[in-house]
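Same order as they appear, the protein sequences are chains X and C. With the working numbering, letter number 94 in the first sequence gets 985, and the count goes up by one each step, no holes. With the working numbering, letter number 6 in the second sequence gets 10, and the count goes up by one each step, no holes. So the structure is just underneath, and the comments pick up after that.
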Amino acid sequence: MIELFLAPMIGTGTLPDPYRAKWQFDPDGLGRVTKAGSIRSARGGVGVLLLDATAEYLTLVRADSAMTSLATPSNIDNALNNGQANAAKTIFEGVGIPGEFINQGDTRREVIRAVVGLFLFSQRLEGRFGTGFWEKAQQRGVTFDTQYADFPQALKDEFVAVRDEHGWDNLGLTNQSTLRQIMKRVSEQFELTPIFIAGEEI
Amino acid sequence: MAYGDNRQQVASDTFDSSIGASWDNGPGDFNTYVFVTGGHIAPVSDVAPVGMRRNTGTYNNDQYSTITLQAVGGSYVVGVSVRHPTGATDESCYAGTAVQGGGYTIDEFDSAFGVTNLATGGSSAGFNAAGETMTCEAEGTTVRMGTNEGAGDTQRLSTTDNTLASGRPGMVAYDDNVQITAWAGGDIAVVGGATPHGVFGLAIHGPFGGPFG
Chain X
892 MIELFLAPMI
902 GTGTLPDPYR
912 AKWQFDPDGL
922 GRVTKAGSIR
932 SARGGVGVLL
942 LDATAEYLTL
952 VRADSAMTSL
962 ATPSNIDNAL
972 NNGQANAAKT
982 IFEGVGIPGE
992 FINQGDTRRE
1002 VIRAVVGLFL
1012 FSQRLEGRFG
1022 TGFWEKAQQR
1032 GVTFDTQYAD
1042 FPQALKDEFV
1052 AVRDEHGWDN
1062 LGLTNQSTLR
1072 QIMKRVSEQF
1082 ELTPIFIAGE
1092 EI
Chain C
5 MAYGDNRQQV
15 ASDTFDSSIG
25 ASWDNGPGDF
35 NTYVFVTGGH
45 IAPVSDVAPV
55 GMRRNTGTYN
65 NDQYSTITLQ
75 AVGGSYVVGV
85 SVRHPTGATD
95 ESCYAGTAVQ
105 GGGYTIDEFD
115 SAFGVTNLAT
125 GGSSAGFNAA
135 GETMTCEAEG
145 TTVRMGTNEG
155 AGDTQRLSTT
165 DNTLASGRPG
175 MVAYDDNVQI
185 TAWAGGDIAV
195 VGGATPHGVF
205 GLAIHGPFGG
215 PFG
């Protein structure tokens, strides 16, 4: 059975204990996971985890309050109702994903792809500068509602460097754009990107 | 594009007499390979992991790396890698591996020698004979790995990641019970412009049916 989750990243980065999404490896070594993979926001952040595992294992994962079930193959194209969207906004805001990524009427697939788009930008930032987007913003006292004009210069420089590397323009953003708006726009730049997790295309 | 499409070889090596100067052997914190009489290479000892990257030739950001197996024995993890940066002390790369008794993996090494497991799956039990090949590809944000055990060169695993954008091909291993007899690497060429798979559909559709149904 296959299911997608939002999961915290765990691990210490060694070969016996690599960085990975929680539950990506069967903690008991019982072979209950056939395949698994994740796309992370940062090594110390959160990730979208795909599990192909036994029903028993997935039940354990769903029971973990640190995990959020995102979709199964049967519901990934279902639209979120108002209650589902609001509940998801609360969870996402708590882990550094703006609630703007989730709206009533969005399908689960659309939300997941938008979130992954943000994660891909954050990964590039981490690849070049050692820390993901949200973690770097937090380190510098920047919140979701901070305007670009008030970002520390170092954060601006890093954002511009990754922008230029991707060949983007200012994406319609201005000095008054908030971090929320910036995260939404950079996510949109990956709308056409193929997304694979453990061999499955989302 | 799909696994195996549009590969254009830039270089190859059959390790006939040595590990030549076209390799950075043991970049960063990786341990080294050693030449083995008979025209093979192997990890220096059971001190994982080992790695080396090509230091000559020009490679596109979209690239592949292929190793040909000579032998494996006992416990082993054998792999092939792409997008190694050229910094002397930087061991970053994407690595596709086969784990003895386990499955295939795609891992990402960072410049601090931290490892992130991006994906694990399949059974690698059949990857154990001389002449079999393993390939890792990086195309845009897609990383794929495959082997040619059984019926031809077949993709075993894929993932999406944007941490590493460019670099050089190479190889890695996490155990010394491995001998490699040949390597080849090169570019994945874009033909007729890049196709946005997500919008126009893709040959491979898993249970999620592709991004737009």
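Ideal Cβ positions, reconstructed from N, Cα and C, are used throughout, including at glycine.
For C/Tyr178, the chain X residues whose Cβ falls inside 9 Å of its Cβ are Leu906, in order along the chain. For the options X/Lys1027, X/Leu1064, X/Phe916, the alpha carbon positioned closest to that of X/Ala1045 is the one of X/Lys1027. Apart from the 5 residues on each side of it in sequence, X/Tyr910 sits with its Cβ closer than 7 Å to the Cβ of Met900, Gly902, Gly904, Arg934 in its chain, given in chain order. For X/Leu895, no alpha helix (DSSP H) encloses it; the enclosing beta strand (DSSP E) starts and ends at 893 to 901.
From the beta-carbon of C/Val119, the residues of chain X found nearer than 8 Å are Gly904, Thr905, Leu906, Pro909, Tyr910. The three-state secondary structure of C/Trp27, taken from DSSP, is strand. Check the Cα spacing between X/Phe1012 and each of C/Phe113, C/Val86, C/Thr145, C/Thr124: the tightest is with C/Thr145.
Taking 8 Å as the cut-off, the beta carbon of X/Ile988 is found closer than this to the beta carbon of X/Val1006. Here X/Glu1017 is not near C/Thr139, since their CB atoms are 8 Å or more apart. Assignment of C/Asp191 by DSSP, reduced to helix, strand and coil, places it in the strand class.
Inter-residue distance for X/Trp1059 and X/Tyr1039 is about 17 Å (C-alpha atoms, whole angstroms). Within the region 43 to 125 of chain C, there are no complete alpha helix (DSSP H) runs of at least 4 residues. The criterion of a C-beta distance shorter than 8 Å is satisfied by C/Pro47 and C/Val54. Take the alpha-carbon of C/Ser69 and the one of C/Gln13: they are about 9 Å apart. Apart from the 5 residues on each side of it in sequence, C/Pro173 sits with its Cβ closer than 6 Å to the Cβ of Arg58, Gln67, Ser69, Val86, Gly189 in its chain, given in chain order. Apart from sequence neighbours up to five positions away, the residues of its chain that approach X/Leu1064 with a beta-carbon distance below 8 Å are Tyr1039, Gln1072, Ile1073, Arg1076, ordered along the chain. Taking a C-beta cut-off of 7 Å against chain C, the contacting residues of the region 1016 to 1037 of chain X are Glu1017, Gly1018, listed in chain order. Assignment of C/Gln12 by DSSP, reduced to helix, strand and coil, places it in the strand class.
A residue is called buried once 16 or more other Cβ atoms fall within 10 Å of its Cβ, and C/Leu122 is buried on that count. Taking 8 Å as the upper bound for CB-CB distance, C/Phe117 and C/Gly30 are not in contact here, some 12 Å apart.
For the pair C/Ile110 and C/Gly126, the CB atoms are not nearer than the 8 Å cut-off. Within the region 947 to 960 of chain X, contact with chain C at the beta-carbon level (separation under 9 Å) is assigned to no residue. For C/Ala52, the chain X residues whose C-beta falls within less than 7 Å of its own C-beta are Leu906, listed in chain order. For C/Gly130, there is no enclosing beta strand (DSSP E), as DSSP marks it with neither H nor E.
For the 8 Å CB-CB criterion, C/Glu112 and C/Phe34 do not form a contact. Going by DSSP, X/Leu942 is part of the beta strand (DSSP E) stretching over 937 to 944. Residues of the same chain with a CB within less than 6 Å of the CB of X/Arg953, apart from the 5 flanking positions on each side, are Ser960 in chain order. With respect to the 8 Å criterion, X/Phe1020 and X/Leu1070 are not classified as neighbours on the basis of their beta carbons.
Assigned with DSSP and collapsed to three states, X/Arg911 falls in strand.
Contact annotation: in the region 159 to 186 of chain C, residues whose CB is within less than 9 Å of a CB in chain X are Gln159, Arg160, Leu161, Ser162, Thr163, Thr164, Asp165, Asn166, Thr167, Leu168, Ala169, Tyr178.
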